[in-house]
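**Student:** So that you can map any letter, position 135 of the sequence shown is 135 in full-length UniProt numbering, and since no number is skipped, the others follow by simple counting.
Okay, handing you the structure first.
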Amino acid sequence: MARKRLTFDDVVRAGAELVDEVGYRELTMGLLAERLGIRTPSLYKHVDGLADLQRRIAVLAVSELGDEIRDRMQGKAGRDALAALAEAFRFYATAHPGRYTATISTDFAGPEDELFRASSRVVGSVEAMLSSYDLEPGQLDHAMRTIRCTLHGFATLQASRAFRWSGDPEESFDWMIRFLDEGLRRMK
Numbered sequence: 001m002a003r004k005r006l007t008f009d010d011v012v013r014a015g016a017e018l019v020d021e022v023g024y025r026e027l028t029m030g031l032l033a034e035r036l037g038i039r040t041p042s043l044y045k046h047v048d049g050l051a052d053l054q055r056r057i058a059v060l061a062v063s064e065l066g067d068e069i070r071d072r073m074q075g076k077a078g079r080d081a082l083a084a085l086a087e088a089f090r091f092y093a094t095a096h097p098g099r100y101t102a103t104i105s106t107d108f109a110g111p112e113d114e115l116f117r118a119s120s121r122v123v124g125s126v127e128a129m130l131s132s133y134d135l136e137p138g139q140l141d142h143a144m145r146t147i148r149c150t151l152h153g154f155a156t157l158q159a160s161r162a163f164r165w166s167g168d169p170e171e172s173f174d175w176m177i178r179f180l181d182e183g184l185r186r187m188k
């Protein structure tokens, strides 16, 4: 029986699944080749090396995150959209910790970069959510960074099981959304 021919997408998807299991920094071409049941040199038919594979995983991850955000935020505004964004972000970071790490570990190569385009979709969704808060134009970048830092912190702490003290993390998550919403409303 002939073995199914490996495609570029197969390699990137397998790499993404692997980083979720072993961690982004633990990914090697040898480990991926072993997972795929091929010899390491065969991977180079599909990617140019580890850095190229990591970049392609980042593009996949940012695209998936963008889809998750878009789908959850659809038809919502204000606090509901903020909550949907936070839920999408937290879901993705905890369900796909290796892929999420790829989203913050790879630099853009320029405006034509696939990663830049995928990231622009995410930024566009966040800007759309923020439009209901009527922020001054100079406050948009600050609001986006504050939201990203807050959601990143919560999601990565939850993914690493760092909420060890008493209290329900779900209540803290809801409190965080209320805190962000009220803060954004006061910045008008």
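Virtual Cβ for every residue (Gly too), placed ideally from N, Cα, C.
Taking 9 Å as the cut-off, decide whether the C-beta atoms of L32 and A61 are in contact.
**Tutor:** The answer is no: Cβ separation not under 9 Å.
**Student:** Using a 10 Å radius around the Cβ and a threshold of 16 neighbouring Cβ atoms, would you call Q74 buried or exposed?
**Tutor:** Per the 10 Å Cβ criterion, exposed.
**Student:** Report back the beta-carbon spacing between G98 and D9 to the nearest angstrom; my notes put them in contact at under 8 Å.
**Tutor:** About 18 Å; that fails the 8 Å criterion.
**Student:** In angstroms with no decimal places, state the Cα-to-Cα distance between D52 and R25.
**Tutor:** C-alpha separation (whole angstroms): 14 Å.
**Student:** Could you give the distance in angstroms between the alpha-carbon of L184 and the alpha-carbon of L140?
**Tutor:** The straight-line gap from Cα to Cα measures roughly 10 Å.
**Student:** Flag this pair as yes or no: are the beta carbons of G78 and D181 separated by less than 9 Å?
**Tutor:** Yes, these two residues count as a Cβ contact at 9 Å.
**Student:** Alpha carbon to alpha carbon, what distance is there between T28 and D113?
**Tutor:** In a straight line, the C-alpha of D113 is about 23 Å away from that of T28.
**Student:** How would you write the range of the alpha helix (DSSP H) that R53 sits in, first residue to last?
**Tutor:** In the sequence on display, residue 53 carries Leu and not Arg. Start and end: 50-73.
**Student:** So, does the region 132-148 touch the region 38-57, judging by three or more C-beta pairs under 8 Å?
**Tutor:** These segments do not touch.
**Student:** By alpha-carbon positions, which one of E171, R70, W175, G30 ends up nearest to S120?
**Tutor:** Closest by alpha carbon: R70.
**Student:** State buried or exposed for R90, treating a residue as buried only when at least 16 other CB atoms are found within 10 Å of its CB.
**Tutor:** Classification of R90: buried, given that the 10 Å Cβ count is 16 or more.
**Student:** Does DSSP put T7 in a helix, a strand or coil?
**Tutor:** DSSP places T7 in coil when its eight states are reduced to three.
**Student:** Starting from L27, trace the alpha helix (DSSP H) both ways and give me its first and last residue.
**Tutor:** From DSSP, L27 is part of no alpha helix (DSSP H); its letter is neither H nor E.
**Student:** The alpha helix (DSSP H) that contains A88, what's its start and end?
**Tutor:** Here the alpha helix (DSSP H) through A88 covers 78-95.
**Student:** Specify the secondary structure class of G153 as computed by DSSP and reduced to three states.
**Tutor:** In this structure, G153 counts as helix in the three-state DSSP scheme.
**Student:** Does the beta-carbon of L151 have 16 or more other beta-carbons within 10 angstroms, so that it is buried, or is it exposed?
**Tutor:** The residue in question, L151, is buried, as its Cβ has 16 or more Cβ neighbours within 10 Å.
**Student:** Taking 8 Å as the cut-off, does the region 93-111 touch the region 156-170 (at least 3 CB pairs, one atom from each stretch)?
**Tutor:** Yes, they touch.
**Student:** Which class does P41 belong to by DSSP, given the choice of helix, strand or coil?
**Tutor:** In the structure shown, P41 sits in a helix (DSSP, three-state: H, G or I).
**Student:** Just mark Y133 as buried or exposed, buried being the case when its beta carbon has 16 or more other beta carbons within 10 Å.
**Tutor:** Result: buried.
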